[in-house]
Structure formats: structure tokens, C-alpha cells
Amino acid sequence: MSVTCGLECVVCFGCTRWMWKRCTYVGAYDSENWPPAEPDDFEPIPRICGIILAVYEPDLHNPKFVPPDAYRVKPEWVVKRVSYEETEKKSPPYLIYGDRDHKEIVLAMRGLNLVRDSDYKVLLDNRLGMQMFDGGFVHHGLLKAAVWLLNREGPTLRNLLEELGPDYSLVFAGHSLGSGIAALMTIIVVNHLDEFGGIPRSQVRCYAVAPARCMSLNLAVKYADVINSVILQDDFLPRTPTPLENIFESIFCLPCLLFFTCLRDTLKQDKRKLRDPRRLYAPGRMYHIVERKFCRCGRFPPEVRTAIPVEGRFEHIVLSCNATSDHAILWIEREAKKALQLLKEAGKKDTQQLEKRMLRKQSLQQEHRIALEKAVTLHVPHAVDPDEEESVVSSSSGSKSGETNWAELVEKLFVKNSSGRMKLKKDIVVE
């Protein structure tokens, strides 16, 4: 009897301890050991958020939902706007914007529309381990949307680069569902830079705002030099393991579902997560905007932390009443502007700012290399050695004539096995 009572006490104590840890876990803990972001690195993010917000407006000349300081988008610089009717249910709406002030060509996409079944079809077109690409796994539906967009808009982007000059950068940006498509478009483009006039890899950028988990860990680290993810505090989507069928089939019971997903994922060992090659992650370098603290009321002045994490890459869902509101692009844009202003004010007080900028450029490259080395050390499946990555990054110059079929380029990376399933030629088959 005493033994049974003792076991019951141990079980109750263990459950109580787990409940306390999970219920008191706040989003700020995910990045508590990360260094603060530099103003120059974070500067494009509020501006890119503003361009993404403009996709939600049906008419930029007569906007319905204007931020306090208005959009940073000049309607006359919008090259193309594509609505739901024009996307043929293949992708969310987007716009192409030629930013003359910052010398950028931006393709920006909106996020998931809860009343559009076409968006659900793109998001739910995936199963665990369904799609291999470039030495890892990616989200099947998002990759199809990325290929479709490149087939449709590749010539437009290439012509704009030729027209505006070699100093212009190519930027892919998206929110929520659009962030995953933008990230996978970036991977395809940086592997075929010759299709865009030999533009340097350093002039291709992606900003995934409130990103969906869309690629395996080795790819998330490998492309951290060109892909940037922006996460506000407790946002649920970057922390939600894919496939996402359960989340969006039960969107009206989200709090309960997040709790059970949180329980299941917490009990799974971190080593098993890292060594599962099919598990998808939020892409690239992470910028985490933190504005709330444990047992503190209200919002604090936001601070931005950044890193290329390999372990602890937003693995725990936060049981917070802000888990869904932090996903809103309007809140992210607003808090990003506040955070940038604070970073600039702190930078003005630093007399050695120029020297720090030079050192920062070197440290970004070193940080990416260290992350690649750590992924190899932790035996992350298909992790790329830094020396091998440097040789791959060098791209050929000169553009090809004629239009490119991006689906054909993607298919060249695959072979069919005996069961008819597409496998990457250089991949080890993982069952």
C-alpha cells in the first residue's frame, strides 16, 4: 500500500512539475541566449513588412487599412499586382515592386486566407517525408507553388534586373503561407543564378515573416545566409510541427489542439527530433522580436535577438493568449518599427559604430560557418560541410536565352525509384 502511495506521489509531483514548466514557458526563453541584432541587419525588415501589408490592399491609391505612418510603397513603382482570380488557385496573391530608393526588386506574398479553400489546398498538400529537394526535405505544396510562381514571373524578374541595372537586389518576401513559398523560391533561384543574369548570391534575399515550417534542418542552416525569418514573441506557426493538417482542420479549437501538440512534442526527445530528416523547420537566420516577460504585465520596449540556431529552433509551442495575435502581420510590422528605432538610438551612442559594422560583416559569415559545422557535429541528416558549401556557392555568370521552365530544372534533380516515387539523385533514401 505504501509503495503504491509513493508511486502516486511521484507521478503527481512529476505531472505538476511538467505542468508548471509548460504553463510558465514564455516565448522569450527561446532566444534568451542569443545576441542582440544590429540596426543595419534589421533595417530592411519593417520596410519589407510594409510591402507585404500592401498586398492585402485592393487599391493602394485608396487604401482601406492604412498604418499610422502610411505604407512605404509608392503605387507608381508597383510593377504587377496579382489577385486570387489570376493565381489560378496555385498561390496566394502577390505583387512585384521596384524599389528605386533601396535598389531592390521585391516579390511579396500575403498570408493564409481563412475563407479561401485554394490556400488550404496548397498548405495541406504535404505528408511527412513526401518531398525531397536539394539534399533535404521540403513542403510539397509550397514547393509546387514556388515552381509555378517562378514559371510565371521568372521572365518579369529577369527583365527588371536587366532594365534597372546590376546594383539591384532580388528580394522574396512573404507572411505565413507566403513565407514558405518565398523561402523555397529563394532556394531554387540561388541554385540557378545564371538564369537571372548571373546575379551574385549576396544580392538575393528572402524575408519570411511569421514563417511556416517548410524545410528540413540541414536546408534551414545551409541557406541561412540568404533567408531571414522574423518571429514575434509567442507566434504559434513557427513552433508548430508539420504537417499542419491537424492545426488547420481544427482551427476553431486551436487552444486545445496546441496543448495536446505541445504535450506530444515535449515528450519526444530532442535527439530524435534532430535526427529525423523528414522533420521540417522554420527557415534560415532567425530574428526574434521579444516584448513580454514572465509574470510582467503589458508590453515592454521590443528588443530583437538573432542567431542561426541548430538545437532549440523554436521547438516548444507557447501556451499563451498571444500565440495567435503575434502571428498578425500588422502587429509584426508595428513592433518591428519600434524595435528598429530603439536599435538605432542605441547605435548612435556607440562611437565605434563603423568598426563594429566591419566586424559584424565578418562575424555573420563566421556564424553561418559555425552553424554548418555544428549541424555536421550533431549528425543532422544530409548536413553540408562548410568547405563543400563554399565550393557550391560559387555560381556561373552570364544569362541563358529563352524562357526557363523551372519545373524541368527541379525535375533534373530527381530520379524515379521502382515504386515510381521521386527521389533526389544524390540523396540517401530515408524510409
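Sequential numbering from 15 applies to the sequence shown in the numbering used here.
All C-beta atoms, glycine included, are put in the ideal place defined by N, C-alpha and C.
Report the partner residues of Pro50 according to the DSSP bridge assignment.
Here residue 50 corresponds to residue number 36 of the sequence shown, with the count starting at 1. Arg319.
Which whole-angstrom value is the C-beta distance of Thr254 and Ile331, which I expect to be below 8 Å?
For the purposes of this step, residue 254 is taken as residue 240 along the sequence shown, with counting starting at 1. For the purposes of this step, residue 331 is taken as residue 317 along the sequence shown, with counting starting at 1. Correct: roughly 7 Å between the Cβ atoms.
Close-in-space but distant-in-sequence residues of the same chain around Pro323 (CB under 7 Å, 5 per side omitted)
The sequence position of residue 323 within the sequence shown is 309, counting from 1. Excluding positions up to five away in sequence, the list reads Met300.
Cβ-based burial, Gly20 [other Cβ within 10 Å; buried from 16]:
Taking the sequence shown and counting its residues from 1, one reaches residue 20 at position 6. Burial check for Gly20: the Cβ neighbour count within 10 Å stays below 16, so the residue is exposed.
Provide the residue span of the beta strand (DSSP E) that contains Gln145, from first to last.
Position 131 of the sequence shown, counting from 1, holds the residue named residue 145. Run containing Gln145: 145–147, per the beta strand (DSSP E) assignment.
Would a C-beta distance cut-off of 9 Å place Val185 and Tyr237 closer than the cut-off?
To locate residue 185, count along the sequence shown from 1; it is residue 171. To locate residue 237, count along the sequence shown from 1; it is residue 223. Contact: no.
Tell me whether Ser415 is buried or exposed, calling it buried when 16 or more other Cβ atoms sit within 10 Å of its Cβ.
In the sequence shown, counting from the first residue as 1, residue 415 sits at position 401. Note that Ser415 scores a pLDDT of 47, beneath 50, so its modelled location is shaky and nothing firm can be said.
Ignoring anything shorter than 3 residues, give me the beta strand (DSSP E) runs that lie fully in the region 124–177, in order along the chain.
Qualifying beta strand (DSSP E) stretches, in chain order: 145–147, 150–152.
Exposure of Gly179, with buried meaning 16 or more beta-carbon neighbours within 10 Å:
Against the sequence shown, residue 179 aligns to sequence position 165. Residue burial is scored here from C-beta neighbours: Gly179 has fewer than 16 other C-beta atoms within 10 angstroms and is therefore classed as exposed.
Does the Cβ of Ser230 have 16 or more other Cβ atoms within 10 Å, making it buried, or fewer, making it exposed?
Here residue 230 refers to the residue found at position 216 when the sequence shown is read from its first residue. With a 10 Å radius around the Cβ and a threshold of 16 neighbouring Cβ atoms, Ser230 comes out buried.
Taking all protein chains shown into account, do 16 or more other C-beta atoms lie within 10 angstroms of the C-beta of Asp401, making it buried, or fewer, making it exposed?
For the purposes of this step, residue 401 is taken as the residue at position 387 of the sequence shown. That one is exposed.
Sheet register partners of Ile303 (DSSP bridge):
Taking the sequence shown and counting its residues from 1, the one referred to as residue 303 is at position 289. In the DSSP output, where bridge partners are listed per residue, Ile303 has Leu246, Val318.
On the criterion of 16 or more Cβ atoms from any shown chain inside 10 Å, does Arg327 qualify as buried, or is it exposed?
Start at 1 with the first residue of the sequence shown, and residue 327 comes out as number 313. Arg327 counts as buried, since no fewer than 16 other beta carbons sit within 10 angstroms of its beta carbon.
Opening and closing residue of the alpha helix (DSSP H) in which Leu191 lies:
Position 177 of the sequence shown, counted from the first residue, corresponds to residue 191. In the DSSP assignment, Leu191 falls within the unbroken alpha helix (DSSP H) covering 191–204.
Assuming Leu109 is part of the beta strand (DSSP E), what are its boundary residues?
Indexing the sequence shown from 1 puts residue 109 at position 95. Judged by DSSP secondary structure, Leu109 falls within the beta strand (DSSP E) whose first and last residues are 108–113.
Quick one: what does DSSP say Lys362 is sitting in, helix, strand or coil?
Walking along the sequence shown from the start, residue 362 turns up at place 348. Residue state, collapsed to three classes: helix.
Pull up the CB-CB distance for Cys23 and Ile346, whole angstroms please, since I reckon it's below 8 Å.
Stepping through the sequence shown from its first residue, residue 23 is reached at position 9. Stepping through the sequence shown from its first residue, residue 346 is reached at position 332. Wrong, their Cβ atoms sit about 45 Å apart, outside the cutoff.
Are Arg319 and Ser45 touching if we call contact CB-CB under 9 Å?
For the purposes of this step, residue 319 is taken as the residue at position 305 of the sequence shown. For the purposes of this step, residue 45 is taken as the residue at position 31 of the sequence shown. Going by C-beta atoms, Arg319 is nearer than 9 Å to Ser45.
Where Val40 and Pro316 are concerned, what is the direct C-alpha to C-alpha distance, given to the nearest angstrom?
Sequence index remark: in the sequence shown, residue 40 carries index 26 (1-based). Sequence index remark: in the sequence shown, residue 316 carries index 302 (1-based). Roughly 15 Å separates the two Cα atoms.
Val93 by DSSP, collapsed to three states: which one?
For the purposes of this step, residue 93 is identified with residue 79 of the sequence shown, where counting begins at 1. In the structure shown, Val93 adopts extended strand secondary structure according to DSSP, grouped into three states.
Taking all protein chains shown into account, decide if Lys129 is buried (16 or more other Cβ within 10 angstroms of its Cβ) or exposed.
Position 115 of the sequence shown, counted from the first residue, corresponds to residue 129. One point to set straight first is that residue 129 is Val, not Lys, in the sequence displayed. Exposed, since its Cβ has fewer than 16 Cβ neighbours within 10 Å.
Roughly how many angstroms separate the alpha carbons of Val136 and Ala159, rounded to a whole number?
The residue labelled residue 136 in the question sits at position 122 within the sequence shown. The residue labelled residue 159 in the question sits at position 145 within the sequence shown. In this model, Val136 and Ala159 are separated by some 7 Å (Cα to Cα).
Can you list, in chain order, the residues of its chain whose CB lies under 7 Å from that of Ser174, leaving out five sequence neighbours each side?
Reading the sequence shown from its first residue, position 160 is the one you call residue 174. Rather than Ser, the amino acid found at residue 174 in this sequence is Leu. Sequence-distant partners of Leu174 (beyond 5 residues in either direction) whose C-beta falls short of 7 Å from its own C-beta, in its chain, are Val93, Gly112, Ile119.
Expressed to the nearest angstrom, what Euclidean distance is found between the alpha-carbon atoms of Gly192 and Arg95?
For the purposes of this step, residue 192 is identified with residue 178 of the sequence shown, where counting begins at 1. For the purposes of this step, residue 95 is identified with residue 81 of the sequence shown, where counting begins at 1. In this structure, the alpha-carbon of Gly192 lies about 15 Å from that of Arg95.
Where does Phe186 sit, in a helix, a strand or coil, going by DSSP?
Along the sequence shown, read from residue 1 onward, the residue named residue 186 stands at position 172. Looking at Phe186 - three-state DSSP - the assignment turns out to be strand.
Give me the Cα-Cα distance between Lys351 and Thr18, rounded to the nearest whole angstrom.
Here residue 351 corresponds to residue number 337 of the sequence shown, with the count starting at 1. Here residue 18 corresponds to residue number 4 of the sequence shown, with the count starting at 1. The alpha-carbon atoms of Lys351 and Thr18 are separated by roughly 58 Å.
In three-state DSSP terms, what is Ser264?
Position 250 of the sequence shown holds residue 264. Its pLDDT being 42, under 50, Ser264 is placed unreliably by the model, and nothing is read from it.
By the 10 Å Cβ neighbour count, where 16 or more other Cβ atoms means buried, how is Arg227 classified, buried or exposed?
The residue given as residue 227 occupies position 213 in the sequence shown. The Cβ neighbour count for Arg227, taken over all protein chains shown within 10 Å, is at least 16; the residue is labelled buried.
DSSP state of His341, grouped into three classes?
Position 327 of the sequence shown, counted from the start, is the residue given in the question as residue 341. His341: helix per DSSP, three-state reduction.
If Pro395 and Pro291 are in contact, beta carbons under 8 Å, what's the gap, nearest whole angstrom?
Looking up residue 395 in the sequence shown gives position 381. Looking up residue 291 in the sequence shown gives position 277. With a beta-carbon spacing of about 3 Å, Pro395 and Pro291 fall inside the 8 Å limit used to define contacts.
Strand pairing of Ala122, partner residues [DSSP]:
Along the sequence shown, read from residue 1 onward, the residue named residue 122 stands at position 108. DSSP output for Ala122 lists Leu109, Ala187 as bridge partner(s).
Hey, would you say Ile241 sits closer than 9 Å to Pro297, going by beta carbons?
Counting from 1 along the sequence shown, the entry for residue 241 is found at position 227. Counting from 1 along the sequence shown, the entry for residue 297 is found at position 283. Less than 9 Å divides the Cβ of Ile241 from the Cβ of Pro297.
Should Pro252 be labelled buried (16 or more other beta-carbon atoms within 10 Å of its own) or exposed?
By 1-based counting over the sequence shown, the position of residue 252 is 238. Pro252 is buried by the Cβ-count criterion.
Within a Cβ cutoff of 7 Å, which residues of the same chain sit near Lys196, ignoring the five residues on either side of it in sequence?
Counting from one through the sequence shown, the residue named residue 196 turns up at place 182. The sequence given here places Ala at residue 196; Lys does not occur at that position. Same-chain partners within the cutoff: Met123, Phe186, Ala187, Gly188, Cys220, Ala222.
Looking only at DSSP bridge pairs, what is Val218 linked to?
Along the sequence shown, read from residue 1 onward, the residue named residue 218 stands at position 204. Under the DSSP definition of a beta bridge, Val218 partners with Leu184.
From Met146 to Ser377, what distance separates their C-alpha atoms?
Translated into positions along the sequence shown, residue 146 becomes position 132. Translated into positions along the sequence shown, residue 377 becomes position 363. Computed Cα separation, rounded: 32 Å.
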